[in-house]
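Per the numbering used here, the sequence shown runs over residues 2 to 326.
Every residue, glycine too, gets a C-beta built ideally from N, C-alpha and C.
Keep in mind the model is a prediction, meaning the values are calculated, not measured.
Accompanying notes for the structure given below.
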Amino acid sequence: MFRTGTISTLAVLAFALALALPAGGAAVRFASGAPVREFPLPHAGSRPYTIVTGPDGNLWFTESSRGVIGRITPRGNIKEFKLPDPGSGPYGITVGADGNLWFTERYVDRIGKITTDGVITEYGGLTENSQPWDITALPDGTFWFTEENVDQVGRIDQSGQVFEFPTGVGTFPTFITTGRDGRIWFTEELGNNIVRLNPKFPITMKKFPLLTENALPWDITPGPGGNLWFTELAGRHIGKITTKGKITEYPIPGELGIAFIAAGPGPAMWFTENDSGKVGAITLKGQLLVKFDTGSYPFGITAGPDGNVWFCVGFGDAIGRVNIP
Numbered sequence: 002m003f004r005t006g007t008i009s010t011l012a013v014l015a016f017a018l019a020l021a022l023p024a025g026g027a028a029v030r031f032a033s034g035a036p037v038r039e040f041p042l043p044h045a046g047s048r049p050y051t052i053v054t055g056p057d058g059n060l061w062f063t064e065s066s067r068g069v070i071g072r073i074t075p076r077g078n079i080k081e082f083k084l085p086d087p088g089s090g091p092y093g094i095t096v097g098a099d100g101n102l103w104f105t106e107r108y109v110d111r112i113g114k115i116t117t118d119g120v121i122t123e124y125g126g127l128t129e130n131s132q133p134w135d136i137t138a139l140p141d142g143t144f145w146f147t148e149e150n151v152d153q154v155g156r157i158d159q160s161g162q163v164f165e166f167p168t169g170v171g172t173f174p175t176f177i178t179t180g181r182d183g184r185i186w187f188t189e190e191l192g193n194n195i196v197r198l199n200p201k202f203p204i205t206m207k208k209f210p211l212l213t214e215n216a217l218p219w220d221i222t223p224g225p226g227g228n229l230w231f232t233e234l235a236g237r238h239i240g241k242i243t244t245k246g247k248i249t250e251y252p253i254p255g256e257l258g259i260a261f262i263a264a265g266p267g268p269a270m271w272f273t274e275n276d277s278g279k280v281g282a283i284t285l286k287g288q289l290l291v292k293f294d295t296g297s298y299p300f301g302i303t304a305g306p307d308g309n310v311w312f313c314v315g316f317g318d319a320i321g322r323v324n325i326p
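See the structure below:
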């Protein structure tokens with residue numbers, strides 16, 4: 002495994018916040034002022050959770066404690082769209098092939114859809130108390146989602162028809178994504194596995210155990226080169242898995258868990274540490290580049306349409322931006 006020391010934010014700022022990425026990649030330079038800016042949400046107790054770049058050039062996010070889908074422009078202007086049930090608990094969000102945003106409603110067992118104009122449609126038909134967590138889109142217009150509370154993954158099409166598939170008792174499927182190989186990949190938080198699913202009927206799954214025991218694998222996302230990258234809440238690693246199932250774990254300095262991860266500008270992966278209130282980046286070889294302090298509990302993270310990195314500040318009720326000119 003690759004090991005690296007911590008790079009302090011002050012040291013990075015002292016060198017004009019210029020970080021050269023590995024050979025063959027573009028350099029990433031941070032703004033000379035504060036590298037992180039946060040945009041407060043209109044209401045306290047919103048708990049923004051996941052965020053994605055929308056087809057309209059804005060960023061869309063879930064407010065898990067208020068039953069709201071939010072939109073923020075690259076300039077920081079925020080608009081909120083209320084769901085019918087304020088206690089619905091929107092969690093995961095993704096962009097569909099239809100150009101709409103699709104999301105899970107954890108506490109009411111629904112899948113929701115919102116147009117870029119703010120028109121909301123909801124679909125039921127899920128197992129009762131399944132607590133749908135995260136969702137990912139396929140090019141054919143279907144979506145796959147995790148049902149953590151009942152150890153299932155589900156499929157929903159544009160008409161709202163739902164199919165559900167068991168993943169194994171006590172595995173807790175949590176985050177889910179679509180790989181560049183056309184397969185579905187998801188984490189099993191308590192199963193301690195990364196799972197590859199063939200979305201064509203008959204559905205098949207293959208599990209790949211993590212190298213670290215009881216690591217609590219969490220978020221998962223595609224990265225450059227076709228590999229999948231994932232985080233460990235308890236294992237203090239960021240992991241990489243090839244489409245063949247080979248796992249590499251890169252230790253990240255610190256004491257607390259790593260939550261969300263996304264491919265960022267240049268050949269780098271960006272991540273959030275929710276307990277310690279930091280956002281950071283590593284190279285594709287697992288070397289730590291930088292960490293920045295954020296507001297309380299940063300959660301979901303994504304590359305923005307403006308070339309910056311955006312993230313949710315869960316307990317700080319804000320959307321954050323790492324400024325990368």
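- For Glu233, the CB contacts under 8 Å within the same chain, skipping 5 residues up- and downstream, are Leu211, Thr213, Ala216, Leu217, Pro218, Trp219, Ile239, Gly240, Glu250, Gly258 and Ile259 in chain order.
- Under the 8 Å Cβ criterion, the region 184-204 does not count as touching the region 96-110, having fewer than three qualifying pairs.
- Boundaries of the beta strand (DSSP E) around Asp220: Pro218 to Pro223.
- Collapsing the DSSP output to three states places Gly308 in coil.
- For Asn228, the CB contacts under 7 Å within the same chain, skipping 5 residues up- and downstream, are Lys241, Ile242 and Thr243 in chain order.
- DSSP, read as helix, strand or coil, puts Asn150 in helix.
- Partner residues in the beta bridge of Leu102, as assigned by DSSP, are Val96 and Ile115.
- Across the structure, Gly119 and Gly265 are spaced so that their CA atoms are roughly 27 Å apart.
- Taking the Cα of Ile112 as reference, the smallest distance to any Cα among Val163, Pro75 and Glu149 is reached at Val163.
- For Phe144, DSSP records a beta bridge to Ala138 and Ile157.
- Leu290 places its beta carbon 8 Å or farther from that of Pro225.
- Annotated three-state conformation of Gly240 is strand, per DSSP.
- Per the DSSP secondary-structure output, Tyr124 pairs in a beta bridge with Ile112.
- The region 75-88 and the region 165-174 do not touch, with fewer than three beta-carbon pairs separated by less than 8 Å.
- Comparing C-alpha distances from Glu149 to each of Tyr108, Gly267, Val69 and Thr51 shows the shortest one belongs to Tyr108.
- Assignment of Gly71 by DSSP, reduced to helix, strand and coil, places it in the strand class.
- Within the same chain, and ignoring the five residues on either side of Val151 in sequence, the residues whose Cβ sits closer than 6 Å to its Cβ are Thr128 and Ser131.
- Taking a C-beta distance under 8 Å as the contact criterion, Asp135 and Thr179 do not qualify as a contact pair.
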